Amino acid sequence: MEALENRVQPYAWGSLTAIPSLLGQPPTGSPQAELWLGAHPSAPSTLGNGVTLDSLLATSPGTLLGPKVLARFGPRLPFLLKVLAAAQPLSLQAHPTLAQAKAGYAKEEAADVPRSAPHRNYKDDNHKPEIICALTDFHALCGFRRVADSVRLFKGLGLDTSVLEQHGLRGYFEHVMTLPPSARGALVDQLVDASRSPVPGFEAECLLAQRLSTAYPRDIGIVGALLLNLVILKPGEALYLDAGNLHAYLEGTGIELMANSDNVLRGGLTPKHVDVPELLSVLDFRDGPPHVLRPEGEGEATYPTPAPDFRLSRLTLDGERTLPPGLPQILLVTEGSFEAQGQSFGRGRSVFIGADETVTLRGQATIFRATPGL
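Residue numbering for the sequence shown follows this note's numbering, starting at 442 and increasing by one per position.
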């Protein structure tokens, strides 16, 4: 068992206070958007001796990852755990399937596109399914709303819905994303101006258009955002986002667990690179309401997903609990504290436990537990 020190990502959309509060540290005055817990080479966790977690795993992958993980994923930790703290909306984005990631990565490698290049789409060859579990009220956009409802909203805003009605979501999304720049700006202006008079039944969406316009003026992603389901998770609720799901996190703090990847294809609400053809090739245009996950079970409540890369659970410790060996895991304390192997871990502390270890926890704590989903 190894205590972890974890890297903070200071993205501009991050909260000034949420992650410092969790860690028991004073705010720095700068945004702190994500706390990464894991072995991703871009920002691996470190141990007390300064060794990074990815370096530790490389010394003995068979022991630390276990035979099941090694056989399925090779000598790497298959998941990445994060604390995500958004004060401003993130980019509209989707993630590729495993096959798409492998093909896209190989293509860009063959073309000698530097992995740090701002126009690079695939930073690695892995997919990136993910789950976000709310620690506070958490506002998000997730998947395409029912077409009929989007038609009603857009007609209420005075927008032309003929392409949406005749050619569906794919046809309409491709249409607006490929408009000439001046036409895109004019369409966004029309939508934002009209949203000042809320459409009945879509008051929250109209307010969102105003907010997005302030942060990203004339960004065509505002039109895309208003095609999506607006969701407000209560603490403990979660969303699972599979490949192709167009989404954006808007505000709030949550526990995010994903496959060990950083592949993001953006669709707007960002100054970063947007590759429209590549985005269209990965998007899932099925419409309908999102499925909100709620924890299942007592003591250790799980959030079931189909992803083999990860499994998220929330452990309510009240006394003693033994975690058996077999799979590598990362624990993050969000409330209370526990003791194990002569060490004490309070709020904001985290540990890595190798697949070969049996660890007994003692105390009163709320602990988020990340393991492979095997």
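Glycine included, each C-beta is placed from N, C-alpha and C at the ideal position.
Quantities reported herein were computed from a predicted structural model and do not represent experimental measurements.
- In the DSSP assignment, G777 forms a beta bridge with A806.
- Here DSSP, grouped into helix, strand and coil, assigns Y546 to helix.
- In chain order, A527, P530, H580, A581 and L582 place their CB closer than 7 Å to the CB of L691, counting only its own chain and leaving out the 5 sequence neighbours on each side.
- For the 9 Å CB-CB criterion, L511 and A666 do not form a contact.
- For the segment 630–658, the full-length alpha helix (DSSP H) segments reaching 4 residues or more read 644–656 along the chain.
- In this structure, L674 is the residue among L674, P731, F643 and V717 with its C-alpha nearest to the C-alpha of I696.
- Membership of K596 in the alpha helix (DSSP H) is indicated by the continuous run V588 to G597.
- Excluding sequence positions up to five before and after T757, its CB lies within less than 7 Å of the CB of G740 and T807, all in the same chain and listed in chain order.
- DSSP places S496 within a helical segment (H, G or I) once states are collapsed to three.
- Within the model, the alpha-carbon separation for V800 versus M442 is close to 8 Å.
- With fewer than 16 other beta carbons inside 10 angstroms of its own, D553 counts as exposed.
- An exposed status is given to T469, since fewer than 16 other beta-carbon atoms sit within 10 Å of its beta-carbon.
- Just so you know, the alpha carbons of L522 and L478 end up roughly 5 Å apart.
- Check the Cα spacing between M699 and each of G777, P537, V617 and K713: the tightest is with P537.
- Your pair L682 and S636 does not check out as a contact, with CB atoms roughly 26 Å apart and the cut at 8 Å.
- Each of E798, D728 and Q770 was checked against the Cα of L605, and the nearest Cα belongs to D728.
- Using a C-beta cut-off of 8 Å, the segment 443–454 makes contact with the segment 484–500, since at least three inter-stretch Cβ pairs fall below that distance.
- Between R611 and L721, the CB-CB gap stays under 9 Å.
- Taken through DSSP and simplified to helix, strand or coil, H580 comes out as strand.
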